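Asks: These protein sequence lines map, in sequence, to chains P and G. Per this note's numbering, the first sequence starts with residue 1, numbered consecutively. Per this note's numbering, the second sequence starts with residue 1001, numbered consecutively.
2 protein chains.
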Amino acid sequence: MVKFTVGIDLGGTNIKAVLVDQNNEVKGYLKRAVQAELGPREVTRQMMGMVYTLLGENKLVPADLRGLGLGVPGLVDRREEKAVFLPNLPGWHHIPLGQWIREELDVPLLLDNDVRMAAWGEKLLGAGRGWDDMVCITVGTGIGAGIFLQGKMFRGHGESAGEIGHMTVEKDGLLCTCGNQGCLEMYASGRAIARKARELVKQKGFNLILELVEGDEARITAATVARAAELGDSKAQGIIEEAARYLGIGLANLANILNPRRIVIGGGVAGMGERLLGPVREVVQARAMPVNRDVEIVAAQLGELAGALGAALVARCRLADGKEKLKEI
Amino acid sequence: MVKFTVGIDLGGTNIKAVLVDQNNEVKGYLKRAVQAELGPREVTRQMMGMVYTLLGENKLVPADLRGLGLGVPGLVDRREEKAVFLPNLPGWHHIPLGQWIREELDVPLLLDNDVRMAAWGEKLLGAGRGWDDMVCITVGTGIGAGIFLQGKMFRGHGESAGEIGHMTVEKDGLLCTCGNQGCLEMYASGRAIARKARELVKQKGFNLILELVEGDEARITAATVARAAELGDSKAQGIIEEAARYLGIGLANLANILNPRRIVIGGGVAGMGERLLGPVREVVQARAMPVNRDVEIVAAQLGELAGALGAALVARCRLADGKEKLKEI
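Rendered as structure tokens:
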């Protein structure tokens, strides 16, 4: 009996792949730096190599796989199985991923956007389990959301709903790559936190941060800022709090527009935990309408595995013969 | 055969009531200033009086009515048939409207929020007809929205979705009655437009506006500003354009979050037509993500009748024996 599925989470920096069994147990996990500079074809081969490694390590063959789920960081054409545009990976325009993958591995494929795959992961196995009106936000390099309404994922008429990172939070603010000014992503993403730290380092000398990166400003990331904050650096703490307050504005807006019961916050930046979530909740309580303040804001539970796990689970459920098909999907 | 339904739109200023037949033809229309100062009980009697007037004028009796739809400006408990809180009408806290109405008129009642009733009107008979992913916005004294997703009205887990007027558009902006700062409603509603005009009148002398209200600043409304703009007053035109630009920010946010195919703009302020819609569309094209710019922004078609018509239609569809039940409802 075919029991296993693989889920892959293709990111701008890393590829993560999991092998799960029919009980959603993780039988194997791999994380590799993506060889983005070699182009889409090579990255596809790299992903397939990871699938074969997972199979080999578990003494399995492709016929043991029920399906492959793949989340990619950008716009997807699910019907045509194409990666339409992945802004953080060079050369990924209208890539026929389905076709390329089938040339190397004969298993059913399910392709979707990475933020939605992570949202499915949290919905099925993590902090969103059992919640029907739920928004699962990924705060990483960028900011996006998977929206569940009455138990179903909501995608919008052209499948581009959930782009909450491009909500305007500063009318005359910083120019974003999307063309807008003052997008939430410019103030609350991992990239924004790192940029702010680099600015402060230049302006006032920001000794602890600089120590942590051995004087190399280019190496400052959101994780560096998080580390400095943990070590008690008040400037680093201030940067995180400011980002959290912007995120709170975005979430209060979401609460007023969608009236969700729960908002799950995942992604790399969410790893900062209560230092981030505390001020977020405070701002939502202050800014959302009284009737919309019952929204619970909680941390995601699957960590960096959310995307790959979500991909694996959705692939199994969608592609199964129907018996295991979850009604949510 | 029972053919008629009545729809009532209770507002902070006026009550509008329509009698429609089974072909959605309007057989009678009344508009009366609401006697708000007399309290909820008297206002309820006033509404019932209007129903009896409509019946009498058409030589009908209550038994000719299939149902009564009623939209009220605020929070509603549909199950308990209560008006929970109507901010613009004094004394309306947990009013058992269903019970009070039944004491005076024996027909099935359907109660809902006024913005949602207007959205239903536009969806069934107006600019939203045939559109499944559609947001219908009312820009009047306040700003709210009825959201249709895949043909169904979306209400949120606690029925308070669609409060787009309380999206933050100026982080450190004006204090709103909801407790938040910088709400869209404070910059783009009829009340905001009138407030801005009163400020300018004080600051710089704003002759045409003052002439139109015969020197009485208290009488300045959004309609006064619209009239002055039509007559070529550049300050009035500037006020409307500024409001439109804020509305555009809110709508670009909505486009990014919900990816709707069409946004219908109704309510009193929408009567300004292209003077308002032009800059709104411009801002949405500049600020929404490229993939979300295909949203059509159009004027509502039912004018001030939208709420009452929507109420009548929804009441008939919901309360009918099933044969005429529209699948959207």
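Just so you know, even glycine gets a beta-carbon here, dropped at the ideal spot from N, CA and C. All values reported here derive from a predicted model rather than from experimental measurement.
Applying a beta-carbon distance threshold of less than 8 Å, which residues of chain G neighbour P/A252?
Replies: Against the first sequence, residue 252 of chain P aligns to sequence position 252. Result: T1168 and N1180.
Asks: My parser needs the alpha helix (DSSP H) runs of 4 or more residues fully inside the segment 198-278 of chain P; what are they?
Replies: Those alpha helix (DSSP H) runs which fall completely within the segment 198-278 of chain P and span 4+ residues are 207-212, 222-230 and 234-258.
Asks: Enumerate, from N- to C-terminal direction, the unbroken beta strand (DSSP E) stretches of 3 or more residues contained entirely within the segment 125-176 of chain P.
Replies: Complete beta strand (DSSP E) runs here, min 3: 134-139, 143-149 and 152-154.
Asks: May I ask you to list, following chain order, the residues of the segment 1080-1109 of chain G that have a beta carbon less than 8 Å from some beta carbon of chain P?
Replies: Residues passing the 8 Å Cβ filter: none.
Asks: Look up G/K1325 in the DSSP assignment and say whether it is helix, strand or coil.
Replies: Working through the second sequence from its first residue, we reach residue 1325 of chain G at position 325. Model confidence at G/K1325 stands at a pLDDT of 49, short of 50, so the residue's coordinates are unreliable; what they give is reported in the following sentence. Coil at G/K1325, not helix or strand.
Asks: Cα-Cα, which of G/A1197, G/E1122, G/Q1150 and G/V1115 is closest to G/E1242?
Replies: Along the second sequence, one-based indexing puts residue 1242 of chain G at 242. Here the closest residue by C-alpha is G/A1197.
Asks: Taking DSSP as the reference, what is the three-state secondary structure of G/C1183?
Replies: Along the second sequence, read from residue 1 onward, the residue named residue 1183 of chain G stands at position 183. Three-state DSSP puts G/C1183 in a strand.
Asks: Hey, P/K171 and G/E1282 are a contact pair by Cβ (cut 8 Å); roughly how many whole angstroms apart?
Replies: Taking the first residue of the first sequence as position 1, residue 171 of chain P is located at position 171. Taking the first residue of the second sequence as position 1, residue 1282 of chain G is located at position 282. With 8 Å as the limit, P/K171 and G/E1282 do not qualify as a contact, their Cβ atoms being about 15 Å apart.
Asks: Closest to P/W131 by C-alpha separation, out of P/R318, P/V298 and P/A308, would be which residue?
Replies: Locating residue 131 of chain P in the first sequence gives position 131, where the first residue counts as 1. Selected option, being the one with the closest Cα: P/V298.
Asks: If contacts are defined as beta-carbon pairs under 8 Å, then G/A1017 and G/V1072 qualify, I think. What distance do you get, rounded to the angstrom?
Replies: To locate residue 1017 of chain G, count along the second sequence from 1; it is residue 17. To locate residue 1072 of chain G, count along the second sequence from 1; it is residue 72. Contact doesn't hold; Cβ gap of about 13 Å is too wide.
Asks: Could you pull the DSSP bridge partners for P/E390 from this structure?
Replies: Given a span of 1 to 329 for chain P in the structure shown, any question on residue 390 of chain P remains unanswerable.
Asks: When every heavy atom of the ligand HEM is checked, does at least one fall within less than 8 Å of the C-beta of P/T177?
Replies: Annotation note on the ligand HEM: not contained in the displayed structure, which lists no ligands.
Asks: Give me the Cα-Cα distance between G/A1244 and G/I1015, rounded to the nearest whole angstrom.
Replies: Indexing the second sequence from 1 puts residue 1244 of chain G at position 244. Indexing the second sequence from 1 puts residue 1015 of chain G at position 15. Their backbone Cα atoms lie some 27 Å apart in a straight line.
Asks: If G/N1253 sits next to P/T168, beta carbons under 8 Å apart, how far is it from one beta carbon to the other, in whole angstroms?
Replies: Taking the first residue of the second sequence as 1, we reach residue 1253 of chain G at position 253. Taking the first residue of the first sequence as 1, we reach residue 168 of chain P at position 168. Right, the Cβ-Cβ distance comes to about 6 Å (below 8 Å), so this counts as a contact.
Asks: Taking a cut of 8 Å between CB atoms, which residues from the segment 257-291 of chain P lie near chain G?
Replies: Of all residues in the segment 257-291 of chain P, I257, L258, N259, P260, R261, A286, R287, A288, M289, P290 and V291 have a Cβ within less than 8 Å of some Cβ in chain G.
Asks: Residues of chain P with a CB under 7 Å from the CB of G/K1027: which are they?
Replies: Along the second sequence, one-based indexing puts residue 1027 of chain G at 27. Chain P residues near G/K1027: none, gap ~36 Å exceeds 7 Å.
Asks: Please report how far the alpha carbon of G/D1077 lies from the alpha carbon of G/G1273, in whole angstroms.
Replies: Looking up residue 1077 of chain G in the second sequence gives position 77. Looking up residue 1273 of chain G in the second sequence gives position 273. C-alpha separation (whole angstroms): 34 Å.
Asks: Three-state secondary structure (DSSP) at P/V72?
Replies: Within the first sequence, numbered from 1, the residue matching residue 72 of chain P stands at position 72. Reduced to three states, the DSSP call for P/V72 is strand.
Asks: Going by DSSP, what residue range makes up the beta strand (DSSP E) through G/R1032?
Replies: Locating residue 1032 of chain G in the second sequence gives position 32, where the first residue counts as 1. Counting along the chain, the beta strand (DSSP E) containing G/R1032 begins and ends at V1026 to A1033.
Asks: Can you confirm whether P/A118, when its beta carbon is compared against all beta carbons of chain G, has any partner nearer than 9 Å?
Replies: As a working mapping, residue 118 of chain P is identified with position 118 in the first sequence. Answer no: the Cβ-Cβ gap between P/A118 and chain G never drops below 9 Å.
Asks: By how many angstroms is the C-alpha of P/W120 removed from the C-alpha of G/G1190?
Replies: Position 190 of the second sequence holds residue 1190 of chain G. Position 120 of the first sequence holds residue 120 of chain P. So the two alpha carbons sit approximately 42 Å from each other.
Asks: For chain G, find out if any of its Cβ atoms is closer than 9 Å to the Cβ of P/I249; answer yes or no.
Replies: Along the first sequence, read from residue 1 onward, the residue named residue 249 of chain P stands at position 249. Yes, contact with chain G.
Asks: For P/P96, which residues from the same chain have a beta carbon less than 6 Å from its beta carbon, with the 5 sequence-adjacent residues on both sides left out?
Replies: As a first step, residue 96 of chain P is located in the first sequence; it is residue number 96 there, counting from the start. So the qualifying residues of the chain are K82.
Asks: Using only CA atoms, which one of P/R45, P/A145, P/I240 and P/L276 lies nearest to P/L258?
Replies: The count along the first sequence starts at 1 and reaches residue 258 of chain P at position 258. P/L258 has its Cα closest to that of P/A145, out of P/R45, P/A145, P/I240 and P/L276.
Asks: Buried or exposed: which applies to P/E324, given that a residue is buried once 16 or more other Cβ atoms fall within 10 Å of its Cβ?
Replies: On the first sequence, residue 324 of chain P is found 324 positions in, with the first residue counted as 1. Since pLDDT at P/E324 reaches only 49, below the 50 mark, its modelled position is unreliable, and no value is offered.
Asks: So, is the C-beta of P/G56 closer than 9 Å to a C-beta in chain G?
Replies: Mapped onto the first sequence, residue 56 of chain P falls at position 56. It does not: the Cβ of P/G56 has no partner Cβ on chain G nearer than 9 Å.
Asks: What does DSSP give as the partner residues of G/V1077 in its beta bridges?
Replies: To locate residue 1077 of chain G, count along the second sequence from 1; it is residue 77. The question names Val, but residue 1077 of chain G in the sequence shown is Asp. BP columns for G/D1077 point to G/K1082.
Asks: Does DSSP classify G/L1019 as helix, strand or coil?
Replies: Counting from 1 along the second sequence, the entry for residue 1019 of chain G is found at position 19. The answer is strand: DSSP assigns G/L1019 an E or B state.
Asks: At least one CB of chain P closer than 9 Å to the CB of G/R1390: is that the case?
Replies: Past the boundaries of the shown model lies residue 1390 of chain G; chain G is included only from 1001 to 1329, so the question cannot be answered.
Asks: Where do the N-terminal and C-terminal ends of the alpha helix (DSSP H) with G/T1044 fall, by residue?
Replies: Taking the second sequence and counting its residues from 1, one reaches residue 1044 of chain G at position 44. Element bounds for G/T1044: P1040 to E1057.
Asks: Short check: CB of G/R1116 to CB of G/G1310, under 9 Å?
Replies: Numbered from 1 along the second sequence, position 116 holds the residue referred to as residue 1116 of chain G. Numbered from 1 along the second sequence, position 310 holds the residue referred to as residue 1310 of chain G. Their beta carbons are under 9 Å apart, which means G/R1116 touches G/G1310 by this criterion.
Asks: Within 10 angstroms of the Cβ of P/V284, are there 16 or more other Cβ atoms? Answer buried if so, exposed if not.
Replies: Working through the first sequence from its first residue, we reach residue 284 of chain P at position 284. Classification of P/V284: buried, given that the 10 Å Cβ count is 16 or more.
Asks: Specify, as a first and last residue, the run of the alpha helix (DSSP H) that G/L1010 falls within.
Replies: Here residue 1010 of chain G refers to the residue found at position 10 of the second sequence. G/L1010 -> not in any alpha helix (DSSP H); beta strand (DSSP E) instead, spanning F1004 to L1010.
Asks: When you compare only the Cα positions, how much space is there between P/G39 and P/P90?
Replies: By 1-based counting over the first sequence, the position of residue 39 of chain P is 39. By 1-based counting over the first sequence, the position of residue 90 of chain P is 90. Cα to Cα, P/G39 sits roughly 7 Å from P/P90.
Asks: Do we get a CB-CB distance below 9 Å when we pair P/G158 with the residues of chain G?
Replies: For this step, residue 158 of chain P is matched to residue 158 along the first sequence. It does; some Cβ of chain G falls within 9 Å.
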